[in-house]
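Residue numbers (the numbering used here): 983 to 1053. Note that beta-carbon positions come from the ideal geometry of N, C-alpha and C, so glycine has one too. All values derive from a computational prediction rather than experimental measurement. Working notes, structure below.
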């Protein structure tokens, strides 16, 4: 489902799975982990080996990429 069809409204406390972040950003899961390592996406560990990614950061990254594409 495209992000605009998803009813989740990002808040500072909303986190999504790595797979969902990758889908929304149209990148691989490995790239999401790299963005986390680079400090470009916030993540938290829910349990060992299961990360959640900040939905607000994913949405901000999508806006930044879209703005770069317009230049």
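Close beta carbons around residue i, own chain, < 8 Å, minus the five adjacent residues each side
i: residue 1039; result: 1022, 1023 and 1024
Own chain partners of residue i with C-beta closer than 6 Å, once the 5 adjacent residues on each side are dropped
i: residue 1008; result: none
i: residue 1033; result: 1000, 1025 and 1027
Anticipated Cβ contact below 8 Å, residue i with residue j, distance rounded
i: residue 1052; j: residue 997; result: Contact flag wrong, Cβ pair sits at about 29 Å.
Spatial distance of residue i from residue j (CA atoms)
i: residue 1014; j: residue 1044; result: 13 Å
i: residue 1004; j: residue 1010; result: 5 Å
i: residue 1026; j: residue 1012; result: 16 Å
i: residue 1035; j: residue 1042; result: 12 Å
Cut-off 7 Å between Cβ atoms - residues of its own chain near residue i, not counting five sequence neighbours on either side
i: residue 1017; result: 1023
Check: In the segment 994-1042, which residue ranges form an unbroken alpha helix (DSSP H) of at least 4 residues, counting only runs that do not cross its ends?
Finding: 1000-1007 and 1011-1019
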